[in-house]
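A short worksheet on the structure shown next.
2 protein chains.
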Amino acid sequence: MSSEALKRASTLEDVARVAGVSRATVSRVINGVRNVDPAIQEAVRQAIARTGYVPNSAARSLVTRRTGALALVISGSDAPETPDHHVGGEIFADPFFGRVVSGVFTGLRPLDLHPVLMLADSAEARDKALTYLRQGNADGAMVVSTHSRDPLPAQLLAAGIPTVLFGRPPTPLSLSCVDLDNREGGRIAADHLTARGRHRVAAISGPLGVRAARDRLSGFREAMADHGIHQLPHVEGDFTREDGERAMTSLLRRYPDLDGVFAANDLMAQGALAVLADHRRRVPEDIAVIGFDDSSAATAGRPHLTTVRQPVEEMAAEMTRVLLDHLARPGRAATTVLFEPTLIERQSA
Amino acid sequence: MSSEALKRASTLEDVARVAGVSRATVSRVINGVRNVDPAIQEAVRQAIARTGYVPNSAARSLVTRRTGALALVISGSDAPETPDHHVGGEIFADPFFGRVVSGVFTGLRPLDLHPVLMLADSAEARDKALTYLRQGNADGAMVVSTHSRDPLPAQLLAAGIPTVLFGRPPTPLSLSCVDLDNREGGRIAADHLTARGRHRVAAISGPLGVRAARDRLSGFREAMADHGIHQLPHVEGDFTREDGERAMTSLLRRYPDLDGVFAANDLMAQGALAVLADHRRRVPEDIAVIGFDDSSAATAGRPHLTTVRQPVEEMAAEMTRVLLDHLARPGRAATTVLFEPTLIERQSA
DNA sequence: ACGCACTGGGAGAGCGCTCTCCCAGCGTGC
DNA sequence: GCACGCTGGGAGAGCGCTCTCCCAGTGCGT
């Protein structure tokens, strides 16, 4: 209204003065707490409009001890920071990341919350993230922790920060988490491959330091053994497409008569597909390929990937809901929500 | 230390008491402001360690008027929210998003800052984002605004929120921005295609409501005209792989003798490649394909895409630096940083 | 010996909000 | 007619921090 509007944001005090009431009443109207006379309510609303008042959230969180922010922590393995690579490049390039973000937004949309993104890809970054959280910059944390010996979940627990994990930690913690039944996923892949009559089968696993990767592999191995196949060529990959290419190349050289491959994620399966195309192997006729995740990579190339679906978006949304629930009702026991993998049958197997 | 550590976080006051100094002195030590006697400094540090003190950032920002958070706003076109789709699914699935995030982290890493992610994909979400920013939840905003008539940049300017844009707005605003010389990128694609002897060429553009898409197309058209080619079949896509497939299919039906295609991003080029494979067209022998971006999609399939590189990570990092600069020195004039596209020659053209 | 700049620490006033008290006014039951 | 609940508004005490003053002590020049 006046020229001072330019220099200084208006405060509750200003609104109260304009409306001719006390600060407390304005606060009541804004937060919808207790009964306030309709006429006064209207006067306050007009005063707010006239002053262009916007509540200051720092002041608010100082007293409420709530920030209205949730952290989404990507706690990867310690990434070597090469000069030509950008921070977290490989993590963010993975469709998995986008799916998690999408799911988190789905869970957050109903409320007025926004995630603050943190990358904890080194001991230093982890400490900073922890400090940041302890300073009360966020009300809680959602942690996508890949590496088994990641200390962050335990640290968050110790710091008393409400936390939900994407993926179960290797040793149980009293933290809530959402996860996929990865072992079952591996089994599904094995069953499908053998049902298709494949018996000379190999696996491209994820990094064995990652629990999900281990579970997928052991589920696959178990089911294969159930089908009488005990010899299982195996190459460890790092979940990137490039590594899928490398793994497939090495597999092809060592076991030229392979007729089936299970890759622990779609990106590596895509890499395998590319190498197979280079070698003029027909998929699925000569060699069947089955991926994992059902990410956008599955239908990016030709043939479309048959894959074990992991409903990442749903899982991330659920993780968000669980965290919100913990914030709403503190002191509730930790829960684990396990999702079931499903087979998505396309062309590659 | 004591049992009260459990119930109440320690404050400056506590540290001061333990160290036997005043609050002000503790604050000085923590913030490294003014000279403090080394002995006292040490005493304060020990007191901090003993009390497990962590500064409360809400209290701090209340007085400093700084939050230490920057917003990364993805202000897309109004997305229809279908029940089966997750929020922002397509945006987050695009490698572009991950590259932006990676670049932002690169720019933020040196400081202790984390981006808070906001999705402004509807008028309502935009209002919420604006409100959030006006409440002082972040010190500034980085906006990836795609759609031409997106009102958000102007609103942020009006609200006096330090803002940097990824991509120039259609009508100049006094906001800083980083962008690619998209027109030049289109030209590069045209020059390369004609240098390869392709004359029956078509374009798959991005949505013409997006300035970058328009610029790429007009640059391409201009250069083609320079080479004597004035007839240019054109299909508008929406930057997704699926739409690339759809566009290529339609192009192939209408112009079966095409020998070159320019797709305005790699995702659509990848879709085109898949359709060409389905039609048994050899790339690049029968038909050359050139993409745009040089994202991970470029080398995902076979053949590898020849593409016009947009250094998204560098651009996002620069956007972050520009914003930090504006925050450090308020009142500086808005700047525009223009990046040059480069040709990355691979197999598809 | 005195004044004076300079160094380093303390006191205390806020920053803008919430929330607990407290209290005036009013209807109700006996 | 009076005590009593009940409704709705105001006063004011913080939340935990920063930062401006202010002031004591020290070393220096003259």
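Chains A and B, in that order, are what the protein sequence lines are. Number 127 in the UniProt record's numbering belongs to position 127 of the first sequence; there are no gaps in the numbering. Number 310 in the UniProt record's numbering belongs to position 310 of the second sequence; there are no gaps in the numbering. Just so you know, even glycine gets a beta-carbon here, dropped at the ideal spot from N, CA and C.
Not flagged as an interface residue toward chain A: G331 (chain B), since no C-beta distance is shorter than 8 Å.
Taking a beta-carbon distance threshold of 8 Å, P55 (chain B) counts as an interface residue toward chain A.
Straight through space, the alpha carbons of L217 (chain B) and Q231 (chain B) are spaced by roughly 13 Å. Chain-order list of chain B residues neighbouring E313 (chain A): H86, G89, by C-beta distance under 8 Å. The criterion of a C-beta distance shorter than 8 Å is not satisfied by M268 (chain B) and M142 (chain B). Taking 7 Å as the upper bound on Cβ-Cβ separation, chain A lies near residues F105, T106, R109, D112, H114, P115, V116, L117, M118 of the stretch 104 to 118 of chain B.
Under DSSP, L130 (chain A) shares a beta bridge with no residue. Within 10 angstroms of the beta-carbon of R8 (chain B) lie fewer than 16 other beta-carbons, which makes it exposed. When DSSP assignments are scanned along the stretch 155 to 213 of chain A, the uninterrupted stretches of alpha helix (DSSP H) that are 4 or more residues long and fall wholly within it turn out to be 182 to 195. Within 9 Å of the CB of N137 (chain A), the CB atoms of chain B belong to S57, A58, T67, G68, A69, H114, in sequence order along the chain.
DSSP, read as helix, strand or coil, puts S75 (chain B) in strand.
Under the Cβ criterion (8 Å, minimum of three pairs), the stretch 282 to 300 of chain B counts as touching the stretch 256 to 266 of chain B.
In chain order, V15, V18, A19 place their CB closer than 6 Å to the CB of A47 (chain B), counting only its own chain and leaving out the 5 sequence neighbours on each side. Sorting A:A24, A:R221, A:D150, A:A39 by C-alpha distance to the C-alpha of G209 (chain A) places A:D150 at the top. By DSSP's assignment, A69 (chain A) forms a beta bridge with A:H114. Residue contact check for Y255 (chain A) against chain B: no CB pair falls below 8 Å. Of all residues in the stretch 153 to 172 of chain A, none is placed with a Cβ closer than 7 Å to any Cβ belonging to chain B. In the three-state reduction of the DSSP assignment, F96 (chain A) falls in the helix class.
Contact annotation for F97 (chain A) against chain B: G98 [CB-CB distance below 7 Å, chain order]. With contacts defined as CB atoms closer than 8 Å, S296 (chain A) and A93 (chain B) qualify as a contacting pair. For R134 (chain B), the neighbours in chain A by C-beta distance under 8 Å run, in chain order, V54.
Membership of G271 (chain B) in the alpha helix (DSSP H) is indicated by the continuous run 266 to 278. Taking a C-beta distance under 8 Å as the contact criterion, L338 (chain B) and D179 (chain B) qualify as a contact pair. Look at R332 (chain A) here: in three-state DSSP terms it is coil, with no helix or strand label.
About 20 Å separates the beta carbon of A59 (chain A) from that of L130 (chain B), a gap too long to meet the 8 Å contact definition. DSSP, reduced to helix, strand and coil, places F339 (chain A) within a strand of the structure shown.
Here the stretch 322 to 342 of chain B does not lie against the stretch 244 to 260 of chain B, with fewer than 3 beta-carbon pairs under 8 Å apart. A direct Cα-to-Cα measurement between Q310 (chain B) and R99 (chain B) gives close to 11 Å. Below the 7 Å Cβ cutoff, chain A contributes no neighbours of L343 (chain B), its closest Cβ being approximately 19 Å away.
R309 (chain A) sits in a strand when the DSSP states are folded into three classes. Following the DSSP letters along the chain, one finds V235 (chain A) inside the beta strand (DSSP E) bounded by residues 234 to 236. Going by DSSP, G140 (chain B) is part of the beta strand (DSSP E) stretching over 140 to 145. DSSP, read as helix, strand or coil, puts V283 (chain B) in coil. Distance between A298 (chain A) and F97 (chain A), taken at the CA atoms: about 15 Å. Interface residue (Cβ-Cβ distance to chain B less than 8 Å): G219 (chain A) is not classified as such.
With respect to the 8 Å criterion, R221 (chain B) and S148 (chain B) are not classified as neighbours on the basis of their beta carbons.
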